[in-house]
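Comments concern the structure below.
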Amino acid sequence: MNRLGRTASTVRWLIVVSCIAVPWAGHAYQLSDDVEFRAAYRGENYFRTTDTDHTFFDLRRNQFVTEKNGILMSQRNELRLDAEIQLHTEQLWPWLGRSRAFVQLRPWYDSAFNWPEDATPAKHQRDLSPFWERNLRGNLANDYDPLFREYYLDIAPKGFFFRLGRQIIPWGKSDGVYMLDIINPFNLRNPTIFEEENFKIPVWAANLNWKPTIDSNLQVLYIPHYFSNVWGGINVDRNGRSVEMRSHPWTYNIVGFFNDFYNGEFGFKVPVERQLPTDPIGDAITGLRWGDTVRRVNYTINYLYTWTPSLIDFPDAGSFLSPNLKRVFRRPVREHVVGGSADYDVNMGSEWLDGTVFRVESAFTLGDQYYKGLVGNPVDTDHWGVMAGIDKNILVDYLERPVFASVQYWHDLVIDVGKNCHGCGPLAGKYQDLGFEGGSVGLRNAYKSLMTLYLYKTFLPGDTLIGEFFTLYELQFADWWVRPKVTYKINDLTTVAVGSNIFAGGKQTPYGEWKDNTDMFVELRRTLF
Amino acid sequence: MKTLMTMVVGAASLLLATAASAADVPTTIAGKAYSITPGAGGSYTVKWGDDSVTWEPNKKWYHEPFKKAGPTYYAKWTEKGLPFPFDLSMEERAKLPADELYDRCIAWHYYGSYMKGGADMWNNLVVKPDGSLREKQYFMEHYMAFNGKKNLEFLTSEERDDVSHKYMWIAVEPQEVRGQGGVTTDYYAREKRPSDTLYLPTVRKVRRLAGSVSKQFFPATILRYEDVSHVRALPDLDYKIVGHELYKTDPKIHGEGPNDYPQITGFDGIGEVAAIIEITPKPGVSWWYGKRKFWCGLQTLAFLHSEELDEKGAPQRYVVHRIRNGVDAKLPDGKQAPDWYFYWGALWVDDKKSGFKGDMWASDMLFDPEFPTSIFSNENLLREPRQLGWWK
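As they're listed, the protein sequences go chains A and B.
At position 134 of the first sequence (counting the first as 1) the number is 134 in the numbering used here, and the numbers step up by one without a gap.
Add 1000 to a position in the second sequence, counting from 1, and you land on the number used in the numbering used here.
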């Protein structure tokens, strides 16, 4: 370990020990009744539990290289600083009511970059750190993991609620599957993170709500700037080179496969040119949602005129197979999302059924882009997603604290796809999925489905010990993700959690591809003030 | 002239209501003679039938009006002309069916429809068996009752015939749970269980809570939903009045001691005649207790204490209710709230099985807080408010 690494590590462990041992701090720092500051530390550590390696095409050596996978995958240290101010605008203009300003800063630093003898990510510090090491330098982090994370002004005249600024806007009633809930793009630096506030990228938005009746709400959204989903391997340097290769621990197979290709696997390099929408008027994202309750059914109807959440790679010559391929344009395309969601809890006096919650969400996504066939040229695709979920507390008669159980079924069905495939090659009727690595087993059919199961149980007085279990199974790919987690509240200020992500299935399946990333993680959260 | 007369009558009513004296005390309760006689040092002797108890102003947490009036203070809630749930004579109260009496003593005591809602801060401590503090939380509470066709503008047209009360909580501290919240909707129909939503800030979504959660722990506390917001007689339980008694307390019990939390002022029910309601799970229903005994004061219509026993009759839990009224609460215009207004007050919970204690009380009480009609909308939870008055 280098000197810096040792120092950072020592400091880190001092912080950890002091967080657990020292019972200082407590309330938020309240400057007055109307001004409050809060601070918290959040640390997460992911340790790979497999002894594996990975192969990638090295951009600089122009050859395939096999490298051992490191044990330490990430070690994120994050400080959360919140400032909240109540503005007594009601005293100036009574019709305006009370307003509120909120700012959250989240400086973070991944100290896994201080362990260079381990293979990843520190071994590829030069290529990865501009994007993934910290957010206190560089402009790019502002696009996906910003220092000023959320900042907005809440204005609430009677019957209205407006939130203006950078924010997270949730839609839908699904957990972990996203059809309507795509207003905020995702930072998939670690796709196993559960808390949406930690992986959704806040967007600048005018979030305008009108409540014409007690339970109804009309929401109008105007989002002037497009942010895309990001993940390991997506970033390019100034020359359009895919410098991340497969160095990021969570590089999807399909991303690594195309990075190998762009970096010269076939004897020529393909630079990537990012083209992002820039016009805050013409390129804006707009949305409309109506929500109400009828006969105890909470429902929403949603429409979003947006861009594909992920940037799409378009070969300049029309096909990745074309001998004239010179570069790839990485850009989003316009799409429409139309759908709705509803939930209902049974309350009819039945001992068996009462307390069962039914959830459903459905969306038509029109104008999306799927990579088709083994060649994988992007084609216009309309698809229909449905999620149906049931929630219920189980073992209520046997346990003092019962188990909350949630089962979801989700499918995605391609309903319309452009006939001209521009030479998608063999298996042109199928679509490349996230685990695609060049073989047919990484392709999906028009229909794809999965199921999830989530169990949650608390223990001890005050619910201070929490056990969670999540599993996901894809019905066509037959791959698995299993995630047990235990959280313990040491005191009001400190929480620790230990868990694991276990993956199984074929190496070209969307979850089986992470078999080598089967890991154990430790989280620490400490309120500072 | 008419205005003057109204003012005079109004002032007289106010005097009557605030200065209940021995003359106002009921002479018969539950079929037996009842009397209160002043004694030495500010004490009173209360007699009910053959039983008697001496009340003394010896608890630091008694508020001043109660210290002065002693057990005659309870008669305030027997005055004619008071609204529901105090609108019955003592004879009628003693004849109420058990489930209705239970509702009046807890649901309509906590959430009286005579006010246009209430809001407060719920201070919640979880104390370890060794007496050290395990956890503390602060929740904002917002609530309203609709019985008697009151406050209907806060309900949708669909809800107006069905919904009896609503309750919304939002966690303020600790930060770990800050912003977490939920809304309970309860119904008039006995067979309908209350329904709940839960907002989790980590996912920024409001979810319907899979129930039936009445017997489950309220998040991060040692109370159950049954103690907090599912406070009407529940369809899973049988309610039966098993007797009446002249209420006495044991100062050794947590919450009854003269020095227990002296800053949380209020009063107890010593000298009240209490109906004892026995609550048992219906046949085939599994509940967290085998039997619950619940003491309800017939004058104040206040929950006094409860004891929960397991199936074998072993003590499981003991809850003491410190009664708190309008003397330490304000109306929106800054004036003193009427002293016959109640709020939920304070609870001292002794979990006999785990040895943990739960000490909790309301503060910053606001009656009639000028809520907007959409206050109980789940959309409000998404705003993650942190301070009472956020709705203004």
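Ideal placement from N, C-alpha and C gives every residue a C-beta, glycine not left out.
Being a predicted model, the structure only gives us computed values, none of them experimental.
Annotation for Phe1294 (chain B): the continuous beta strand (DSSP E) segment containing it runs Lys1291 to Gly1297. In the DSSP annotation of this structure, the continuous segment of the beta strand (DSSP E) that includes Val338 (chain A) starts and ends at Arg334 to Asp345.
Looking at the DSSP output, Ser1363 (chain B) bridges to B:Met1121.
Here the alpha carbon of Lys1068 (chain B) sits roughly 52 Å from the alpha carbon of Phe162 (chain A). Residue-level contact by beta carbon holds for Glu84 (chain A) and chain B, with a gap shorter than 8 Å.
Taking C-beta separations shorter than 6 Å and ignoring five residues to either side along the sequence, the partners of Val498 (chain A) in its chain run Val486 and Val522, following chain order. Minimum Cα-Cα distance from Pro484 (chain A) among the listed residues A:Phe477, A:Gly467 and A:Ala478 corresponds to A:Gly467.
For Val357 (chain A), a Cβ of chain B is located within less than 8 Å of the residue's own Cβ. Here the alpha carbons of Pro426 (chain A) and Arg149 (chain A) stand approximately 44 Å from one another.
The segment 1313 to 1332 of chain B and the segment 1358 to 1366 of chain B touch, with no fewer than 3 CB-CB distances between them shorter than 8 Å.
Assigned with DSSP and collapsed to three states, Gly418 (chain A) falls in coil, not helix or strand.
With 16 or more other CB atoms across the displayed protein chains lying within 10 angstroms of its CB, Phe1356 (chain B) is buried. Put simply, the backbone Cα of Gly367 (chain A) is about 50 Å away from that of Met1121 (chain B).
Taking the beta carbon of Pro146 (chain A) as reference, no residue of chain B falls within 8 Å; the closest one sits roughly 17 Å away. No Cβ of chain A is located within less than 8 Å of the beta carbon of Leu1223 (chain B). Relative to Asp1051 (chain B), the option among B:Pro1097, B:Ile1036, B:Pro1235 and B:Pro1057 whose CA is nearest is B:Ile1036. Within the segment 212 to 238 of chain A, Thr213, Ile214, Asp215 and Asn217 place their CB atoms closer than 8 Å to a CB of chain B, listed in sequence order.
A residue is called buried once 16 or more other Cβ atoms fall within 10 Å of its Cβ, and His124 (chain A) is buried on that count.
Listed along chain B, the residues sitting closer than 7 Å to Asn347 (chain A) by beta-carbon distance are Lys1192, Arg1193 and Ser1195.
With a threshold of 8 Å between beta carbons, Leu81 (chain A) makes no contact with chain B. For the pair of segments examined, the segment 488 to 496 of chain A was found not to touch the segment 407 to 424 of chain A: the number of CB pairs separated by less than 8 Å stays below three. Per DSSP, the unbroken beta strand (DSSP E) holding Phe469 (chain A) starts and ends at Leu465 to Glu474.
Among the residues facing chain A, Pro1372 (chain B) is included, as its CB has a counterpart in that chain under 8 Å away. With respect to Met451 (chain A), Leu475 (chain A) sits close: the two C-beta atoms are nearer than 8 Å. Residue contact check for Leu443 (chain A) against chain B: no CB pair falls below 8 Å. Remark: C-beta atoms of Val1206 (chain B) and Thr1185 (chain B) do not approach each other more closely than 8 Å.
Interface criterion not met: the Cβ of Pro1071 (chain B) is under 8 Å from no Cβ in chain A. Counted as a single uninterrupted DSSP element, the stretch harbouring Glu90 (chain A) is not any beta strand (DSSP E) but the alpha helix (DSSP H) occupying residues Thr89 to Leu92. Residue pairing by DSSP places Gln104 (chain A) opposite A:Asp82 and A:Glu150 in a beta bridge.
The Cβ atoms of Gly1117 (chain B) and Phe1371 (chain B) sit closer than 8 Å to each other. Per DSSP, the continuous beta strand (DSSP E) segment holding Arg525 (chain A) begins and ends at Asp519 to Thr527. Neighbours of Arg1386 (chain B) in chain A, taken as residues at a C-beta separation under 8 Å, are given in chain order as Glu36 and Glu84.
Of all alpha-carbon atoms in A:Ile168, A:Lys392, A:Leu136 and A:Asp292, the one lying nearest the alpha-carbon of Ile182 (chain A) is that of A:Ile168. For the segment 1138 to 1167 of chain B, residues whose beta-carbon sits nearer than 8 Å to a beta-carbon of chain A comprise Phe1154, Leu1155, Thr1156 and Glu1158. Under the DSSP definition of a beta bridge, Ser74 (chain A) partners with A:Tyr46. DSSP, reduced to helix, strand and coil, places Ser319 (chain A) outside both helices and strands of the structure shown, so it counts as coil.
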